[in-house]
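See below for the structure under consideration.
Protein chains: 2
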Amino acid sequence: MGKEITSRESDYSQWYIDLVKKADLAENSDVRGCMVIKPYGYSIWEKMQQALDKMFKDTGHVNAYFPLFVPKSLFEAEEKNAEGFAKECAIVTHYRLKTDPAKPGKLMVDPEAKLEEELVVRPTSEAIIWSTYKKWIQSYRDLPLLINQWANVVRWEMRTRLFLRTAEFLWQEGHTAHATAAEAIAETKQMLDVYAEFAETFMAMPVIKGKKSEGERFPGAVDTYCIEAMMQDGKALQAGTSHFLGQNFADAFGVQFTNKEGKLEKVWGTSWGVSTRLIGGLIMAHSDDDGLVLPPKLAPIHVVIIPIFKSEEELNKVSAKAESIAKELRQLGFSVKFDNRDNLKPGFKFAEYELKGVPVRIAIGSRDLDNGTVEVARRDTKEKKVMQMDAIVGEIPALLDSIQQTIYQRALAFREQKITKVNTYDELKKVLDEKGGFVSAHWDRTAETENKIKEETKATIRCIPLDAEQEEGKCVYSGKPSSQRVLFARAY
Amino acid sequence: MGKEITSRESDYSQWYIDLVKKADLAENSDVRGCMVIKPYGYSIWEKMQQALDKMFKDTGHVNAYFPLFVPKSLFEAEEKNAEGFAKECAIVTHYRLKTDPAKPGKLMVDPEAKLEEELVVRPTSEAIIWSTYKKWIQSYRDLPLLINQWANVVRWEMRTRLFLRTAEFLWQEGHTAHATAAEAIAETKQMLDVYAEFAETFMAMPVIKGKKSEGERFPGAVDTYCIEAMMQDGKALQAGTSHFLGQNFADAFGVQFTNKEGKLEKVWGTSWGVSTRLIGGLIMAHSDDDGLVLPPKLAPIHVVIIPIFKSEEELNKVSAKAESIAKELRQLGFSVKFDNRDNLKPGFKFAEYELKGVPVRIAIGSRDLDNGTVEVARRDTKEKKVMQMDAIVGEIPALLDSIQQTIYQRALAFREQKITKVNTYDELKKVLDEKGGFVSAHWDRTAETENKIKEETKATIRCIPLDAEQEEGKCVYSGKPSSQRVLFARAY
Chain B
0 MGKEITSRES
10 DYSQWYIDLV
20 KKADLAENSD
30 VRGCMVIKPY
40 GYSIWEKMQQ
50 ALDKMFKDTG
60 HVNAYFPLFV
70 PKSLFEAEEK
80 NAEGFAKECA
90 IVTHYRLKTD
100 PAKPGKLMVD
110 PEAKLEEELV
120 VRPTSEAIIW
130 STYKKWIQSY
140 RDLPLLINQW
150 ANVVRWEMRT
160 RLFLRTAEFL
170 WQEGHTAHAT
180 AAEAIAETKQ
190 MLDVYAEFAE
200 TFMAMPVIKG
210 KKSEGERFPG
220 AVDTYCIEAM
230 MQDGKALQAG
240 TSHFLGQNFA
250 DAFGVQFTNK
260 EGKLEKVWGT
270 SWGVSTRLIG
280 GLIMAHSDDD
290 GLVLPPKLAP
300 IHVVIIPIFK
310 SEEELNKVSA
320 KAESIAKELR
330 QLGFSVKFDN
340 RDNLKPGFKF
350 AEYELKGVPV
360 RIAIGSRDLD
370 NGTVEVARRD
380 TKEKKVMQMD
390 AIVGEIPALL
400 DSIQQTIYQR
410 ALAFREQKIT
420 KVNTYDELKK
430 VLDEKGGFVS
440 AHWDRTAETE
450 NKIKEETKAT
460 IRCIPLDAEQ
470 EEGKCVYSGK
480 PSSQRVLFAR
490 AY
Chain Y
0 MGKEITSRES
10 DYSQWYIDLV
20 KKADLAENSD
30 VRGCMVIKPY
40 GYSIWEKMQQ
50 ALDKMFKDTG
60 HVNAYFPLFV
70 PKSLFEAEEK
80 NAEGFAKECA
90 IVTHYRLKTD
100 PAKPGKLMVD
110 PEAKLEEELV
120 VRPTSEAIIW
130 STYKKWIQSY
140 RDLPLLINQW
150 ANVVRWEMRT
160 RLFLRTAEFL
170 WQEGHTAHAT
180 AAEAIAETKQ
190 MLDVYAEFAE
200 TFMAMPVIKG
210 KKSEGERFPG
220 AVDTYCIEAM
230 MQDGKALQAG
240 TSHFLGQNFA
250 DAFGVQFTNK
260 EGKLEKVWGT
270 SWGVSTRLIG
280 GLIMAHSDDD
290 GLVLPPKLAP
300 IHVVIIPIFK
310 SEEELNKVSA
320 KAESIAKELR
330 QLGFSVKFDN
340 RDNLKPGFKF
350 AEYELKGVPV
360 RIAIGSRDLD
370 NGTVEVARRD
380 TKEKKVMQMD
390 AIVGEIPALL
400 DSIQQTIYQR
410 ALAFREQKIT
420 KVNTYDELKK
430 VLDEKGGFVS
440 AHWDRTAETE
450 NKIKEETKAT
460 IRCIPLDAEQ
470 EEGKCVYSGK
480 PSSQRVLFAR
490 AY
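For the record, the sequence lines run as chains B and Y.
In terms of numbering that gives the first Met the number 0, the first sequence opens at residue 0 and continues consecutively.
In terms of numbering that gives the first Met the number 0, the second sequence opens at residue 0 and continues consecutively.
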């Protein structure tokens, strides 16, 4: 199949792109910066959606759908939010094409069909949603409003990379409204916890929960919380964010409610989102030079069964057994592929499913039938083991569990090893250049220092960890006092 | 709660809008022609999606995602398709806003950020998908390609109506590629069958399968198949379409494959879709003057339990029993709401859940506890029955089944009564004006006659039914010979 994946060591960036393309996850489209998510990649997204959607519903949220377009006048109502996204908005200005009189068979924008007011293709939906919430919220009885939306959004990025940064991407965006600041902050933190649990339990990707510095905050938020993950090349990836919006959008759209005492109060808000970017994180957290390594909880195929045969007769015999194993596994709820293509060699198939990150491979040949055995290979460690055919179905659940755990523990050990405490600016620069990862350092909490460090090292403050201990120290850059370390890293 | 639903008899159109709004299904947004799908309405869409998605996967399809935008040059490649949608396309021309020097705090489109090539917001995705398929299809081994996409699309409609016709709507669009015409036609018909089965089994809405006349065909299709439903006001609703595209898109985008003999051939295509319009059909097929009537298979809440109480003590006693019934029903997979709000009267709650179309209502009072009974009301027939408390959980599955069947049979009887055979043009006009429904008449198969009848009666040919018998006859308009009746109707 001509795998030819660039090794991580020789070019991590190219390795990533090779993997995305050769494992059939996604590709660039004919539209600048927009990707096509191919069926195999999309099926990972579906698994993510299912798990997240259940977690959202279990925490009391419901789904709804708001318009793709935001009239410019609504878009600009919350000024900081508008300013933050203005530079990367796709704008609809016309609503009709007509035949081009100059070019037979071609179309042109009909100048007579110009919109009175331009429409922004949503880069995020706070504006359109809060302009709607104004109609939905009158009394404290209407609160809290706990709504999520699965949608596509568009941010006109100049430098794009499949999954990690694309002009259009798929995501979910939660938008909640509350009667008190305390409730809204609790919601913001609850959803951060949901994201962290999803990342660690389903993606097997350890994350650090923290708060963003003011400079890295979501435009229009009072506080932005985030989960930060560590990729194999030592760069950080922001995997999800949860924003406490204060009363900023209530102010911008005049959203008020009558409290129990009959007085008018302004509503408090949150918003939170994760996107198809997570697929990029999933790839970069676990995969190797042979291809994807997928955690079983998100793998589209759990087990692939590959027959080893020399004749059609042998294939028939092996197939009967393989199909009965597949059937039993499917009854247990696993997704199983039996690859009986007769024009490809087993070795080719082995490589293909390694590339695609299928957690467990079972090979069955004629000799196995005689011996009552199968060969089982796990993708994460590449271990192969001969197992009793009768026992295999019973062993699979624990094996998949073990793979899920192993992948997580490996990523956790890697991440832990990639957190380095430093006490001087020289150390910080040295660690960034030589080791990468998160650098834990004191910072004086000024934007000035943050910007200087960013300019000089290309590292940003990924977060102020929520669980960081209070510790007297001095800012590595300015020497001013600091009470807590923050995490710096170069990031995607 | 101030229901105030207009009766169907006094104003069917207004009744529909009242229902959509008062049952909290959807509302108009601040964006012209675009709706907000509210949580209750969206949960019906989620149920539809789940059922359809499973049917698509069971017939071998996989999901993927293609860009929202279509570059104008791709959009215009298949000329008929482009011509068909050109008049209703939202066009992105710019990719940036900037602060408006004339108006502090306001934004304007940045004239320097004009796109070299305009982007059409997809009204349908054949163009962008076939331009991608060109890269994916080389050999007969790459076929068939069976892909579906869940997405939003935009068609700039001038007259919109919630769910039935909106500028943006949600849908699924299947796009398949095949080696032979026969295979593609079989796929087209298979998906029509899937839609019909979904409409009848899940929506409890009988449909007629047929082919569209040339004039009503999807732009770019060789043949369009459809399912047509009958609404309570005697107007037809096109509920789903499945198109045999021939080689039109293969031609437009140069999609060829090497067959088994090593020769190049052009690929054959299909596309098929249903949309949030189905929610409009669902409402209009079954609901009454008190509100929605939802078939249990798509109802977000299957059973609502309402406590009848005079004191907190009574409420507590009733709650214990209600919650145990709710728990048992949930374990059986049903969605149950126990409405224990203490600020609303039972009668108010009864009306609210009737409005929302919850199939089964259980009321429990103190006296019921003493008698070991509950009062069960079904939404479809409004029948109330006192049942044994111990038996209720066991009875619910059959009761929901019976409701599903009753709704379907009622709609079927209505639809059958609304098909009228006519043999003259006068009869056709009379039936359309006085009775409505489908009018089964002979037609000479010319566009001229079709257009004349449409102009004069506002009725269109809904379809040429697939199961229509061959029958010699004369066109009701021209008197020319015809071999089969077709169905005329006024339609949504």
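All C-beta atoms, glycine included, are put in the ideal place defined by N, C-alpha and C.
Values in this document were obtained by computation on a predicted structure and should not be read as measured data.
Check	Outcome
Residues in the stretch 90–107 of chain B having any Cβ partner in chain Y nearer than 7 Å	Ile90, Val91, Thr92, His93, Tyr94, Arg95, Leu96, Lys97, Gly104, Lys105 and Leu106
Per-residue burial, lysine 344 (chain B) [other beta carbons within 10 Å of its own, 16 or more giving buried]	exposed
Start-end ranges of the alpha helix (DSSP H) lying completely within the stretch 301–370 of chain B, minimum 4 residues	311–330, 345–354 and 365–370
Burial state of serine 6 (chain B) (16 or more Cβ within 10 Å)	exposed
Contact under 7 Å by Cβ, tyrosine 94 (chain B) with tryptophan 155 (chain Y)	yes
Nonlocal neighbours in the same chain, by C-beta distance under 6 Å from glycine 472 (chain B), ignoring five residues either side	His441 and Ser481
Histidine 301 (chain B) versus glycine 371 (chain Y): straight-line alpha-carbon distance, rounded	50 Å
Residue-chain proximity (leucine 144 (chain B), chain Y), Cβ-Cβ < 7 Å	no
Beta-carbon proximity of valine 19 (chain B) to leucine 161 (chain B), cut-off 7 Å	yes
Environment of serine 42 (chain B) [buried if 16+ CB atoms lie within 10 Å]	buried
Contact set between lysine 21 (chain Y) and chain B, taken where Cβ atoms lie within less than 9 Å	What lysine 21 (chain Y) touches in chain B: nothing, since even the nearest Cβ is about 14 Å away.
Interface residues of chain B facing tyrosine 15 (chain Y) [CB-CB closer than 9 Å]	What tyrosine 15 (chain Y) touches in chain B: nothing, since even the nearest Cβ is about 20 Å away.
Same chain, Cβ closer than 6 Å to valine 317 (chain B), five either side skipped, listed in chain order	Pro306, Phe308 and Ile363
Chain Y contact residues for serine 130 (chain B), given Cβ-Cβ distances below 8 Å	Asp29
Listed by chain order, chain B residues near serine 42 (chain Y) by CB distance under 8 Å	Val61 and Asn62
Where the alpha helix (DSSP H) containing valine 392 (chain B) begins and where it ends	388–416
C-alpha gap between serine 493 (chain Y) and tyrosine 407 (chain Y), whole angstroms	In the structure displayed, chain Y extends from 0 to 491; residue 493 (chain Y) sits before or after that span and is not available.
Own chain partners of valine 91 (chain Y) with C-beta closer than 6 Å, once the 5 adjacent residues on each side are dropped	Leu118
DSSP-derived helix/strand/coil call for tryptophan 533 (chain Y)	Summary: the structure shown does not reach residue 533 (chain Y), with chain Y confined to residues 0 through 491, and so no result is reported for it.
Continuous beta strand (DSSP E) stretch holding alanine 374 (chain Y): start and end	Looking at the sequence shown, residue 374 (chain Y) is not alanine but glutamate. Segment 372–377, the beta strand (DSSP E) holding glutamate 374 (chain Y).
Chain-ordered neighbours of proline 70 (chain Y) on chain B, where CB pairs are closer than 8 Å	Asp29 and Val30
Methionine 0 (chain Y) at chain B interface by Cβ criterion, 7 Å	Caution is warranted here: a pLDDT of 45 is assigned to methionine 0 (chain Y), below 50, making its placement in the model unreliable, and the coordinate value is therefore given only provisionally. Not closer than 7 Å to any Cβ of chain B, the Cβ of methionine 0 (chain Y) fails to qualify, so no.
Residues bridged to phenylalanine 70 (chain Y) [DSSP beta-bridge criterion]	For the sequence presented, residue 70 (chain Y) should be read as proline rather than phenylalanine. Looking at the DSSP assignment, proline 70 (chain Y) forms a beta bridge with Y:Leu118.
Nearest-angstrom Cα separation, counted from leucine 114 (chain B) out to methionine 204 (chain Y)	39 Å
8 Å contact criterion, which phenylalanine 168 (chain B) and threonine 275 (chain B) should meet: CB distance rounded	5 Å
Buried versus exposed, by CB contacts within 10 Å (16 or more), tyrosine 491 (chain Y)	buried
Where methionine 0 (chain B) sits in the DSSP three-state scheme	With a pLDDT of 45 at methionine 0 (chain B), under the threshold of 50, the modelled position of that residue is not reliable, and the figure given next carries that caveat. Residue state, collapsed to three classes: coil.
Straight-line gap, glutamine 499 (chain B) to alanine 101 (chain Y) (C-alpha atoms, nearest Å)	The shown model of chain B, from 0 to 491, leaves out residue 499 (chain B), and the question about it has no answer.
CB of phenylalanine 65 (chain B) within 7 Å of CB of valine 193 (chain Y), strictly	no
Alanine 150 (chain B): first and last residue of the uninterrupted beta strand (DSSP E) it sits in	144–153
The alpha helix (DSSP H) enclosing serine 42 (chain B), as first and last residue numbers	38–57
Every unbroken alpha helix (DSSP H) within the stretch 448–489 of chain B, with a cutoff of 4 residues, ordered by chain	none
Within-7 Å CB hit, phenylalanine 65 (chain B) to chain Y	yes
Short CB-CB distance (under 7 Å) between tyrosine 11 (chain B) and chain Y	no
Cβ contact (3+ pairs, closer than 8 Å) linking the stretch 278–297 of chain Y and the stretch 43–62 of chain Y	yes
Limits of the unbroken alpha helix (DSSP H) element including threonine 187 (chain Y)	180–200
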